[in-house]
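Below is one structure; the comments refer to it alone.
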Amino acid sequence: NAGVTQTPKFQVLKTGQSMTLQCAQDMNHNSMYWYRQDPGMGLRLIYYSASEGTTDKGEVPNGYNVSRLNKREFSLRLESAAPSQTSVYFCASSVRRVEKLFFGSGTQLSVL
Amino acid sequence: GQQLNQSPQSMFIQEGEDVSMNCTSSSIFNTWLWYKQDPGEGPVLLIALYKAGELTSNGRLTAQFGITRKDSFLNISASIPSDVGIYFCAIRVRFGAGTRLTVKP
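Protein chains in written order, with our numbering: chain A, 7 to 118; chain B, 332 to 436.
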């Protein structure tokens, strides 16, 4: 039972490059989330999807876009990466919104 | 927006010592969650609290939902090296900044 799977685990980008972080869950959860983690700042919500077909901005959405491809998959896209987006990104899911979250193991992204 | 203040920011303790950390919010809520993040992994839920005054234990971990509904506490008794990590309080989908725990053998 994989739970929440994120790819890639590590990525290095140059400023201005684009990339998509992939996330898939196999727990039949309705809600999915993207967070970023920076030292001393905890986990900050970027975007979430309360259910298939819906997406909403979180606390720090600027510079990101998301797609809820189907019930299982929720991707995060950086159109033009900036050094300020260097961070560890976590995807999470829950049965319903505002319930306990299940996290993936993260993607470490560096933007040079 | 609603703020979660978690303290202390970090703790360095000796194996066998007890640990206490807390979290306060600027608003009243009906649910407090505590997560632990092991190095290199995503956070995992430890304890969920649903009622003011509720005290819940999970092995050596004990968490309490404050009477004012604006705070929560997490205690770890007789710490061991595998307790190392970052502990987060959370309300709904918002997380505190975390308490980084180091345990010296």
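Cβ coordinates follow ideal geometry from the N, Cα and C atoms, glycine included.
Residue-chain proximity (residue i, chain B), Cβ-Cβ < 7 angstroms
{"i": "K63 (chain A)", "result": "no"}
{"i": "M33 (chain A)", "result": "no"}
{"i": "F80 (chain A)", "result": "no"}
{"i": "K15 (chain A)", "result": "no"}
{"i": "G176 (chain A)", "result": "This structure cannot settle anything about residue 176 (chain A), because the visible part of chain A is limited to 7 through 118."}
{"i": "S93 (chain A)", "result": "no"}
{"i": "G110 (chain A)", "result": "yes"}
Span separating the alpha-carbon of residue i from that of residue j
{"i": "G119 (chain A)", "j": "F108 (chain A)", "result": "Beyond the ends of chain A as shown, which are 7 and 118, falls residue 119 (chain A); an answer cannot be given."}
{"i": "T387 (chain B)", "j": "T393 (chain B)", "result": "6 angstroms"}
{"i": "K435 (chain B)", "j": "I417 (chain B)", "result": "15 angstroms"}
{"i": "V72 (chain A)", "j": "T61 (chain A)", "result": "7 angstroms"}
{"i": "L27 (chain A)", "j": "P14 (chain A)", "result": "7 angstroms"}
{"i": "K382 (chain B)", "j": "L405 (chain B)", "result": "15 angstroms"}
{"i": "R74 (chain A)", "j": "E346 (chain B)", "result": "45 angstroms"}
{"i": "F439 (chain B)", "j": "G427 (chain B)", "result": "In the structure as shown, chain B begins at 332 and stops at 436. Residue 439 (chain B) is therefore absent and cannot be evaluated."}
{"i": "G59 (chain A)", "j": "Q91 (chain A)", "result": "26 angstroms"}
Any C-beta of chain A under 7 angstroms from that of residue i
{"i": "L373 (chain B)", "result": "The amino acid at residue 373 (chain B) is misidentified as Leu; the sequence shows Gly. Chain A contact via Cβ: present."}
{"i": "V415 (chain B)", "result": "no"}
{"i": "F426 (chain B)", "result": "yes"}
{"i": "L380 (chain B)", "result": "no"}
Short Cβ contact (7 angstroms threshold) for residue i with residue j
{"i": "I378 (chain B)", "j": "N361 (chain B)", "result": "no"}
{"i": "L49 (chain A)", "j": "Q43 (chain A)", "result": "yes"}
{"i": "G384 (chain B)", "j": "S111 (chain A)", "result": "no"}
{"i": "S408 (chain B)", "j": "D349 (chain B)", "result": "yes"}
{"i": "H35 (chain A)", "j": "S93 (chain A)", "result": "no"}
Distance cut-off 6 angstroms: residue i Cβ against heavy atoms of the ligand ATP
{"i": "N336 (chain B)", "result": "In terms of ligand content, the structure shown is empty, and the ligand ATP therefore cannot be addressed."}
Boundaries of the beta strand (DSSP E) in which residue i is found, first to last residue
{"i": "K367 (chain B)", "result": "363-368"}
{"i": "S55 (chain A)", "result": "49-55"}
{"i": "K435 (chain B)", "result": "430-435"}
{"i": "L376 (chain B)", "result": "375-380"}
{"i": "N68 (chain A)", "result": "Run containing N68 (chain A): none; DSSP gives neither H nor E here."}
Sheet register partners of residue i (DSSP bridge)
{"i": "E79 (chain A)", "result": "A:A30"}
{"i": "S351 (chain B)", "result": "B:N406"}
{"i": "Y418 (chain B)", "result": "B:K367, B:T430"}
{"i": "Y41 (chain A)", "result": "A:L51, A:F96"}
{"i": "V13 (chain A)", "result": "First, the residue type needs correcting, since residue 13 (chain A) is Thr and not Val in the sequence shown. Bridge partners of T13 (chain A): A:Q28."}
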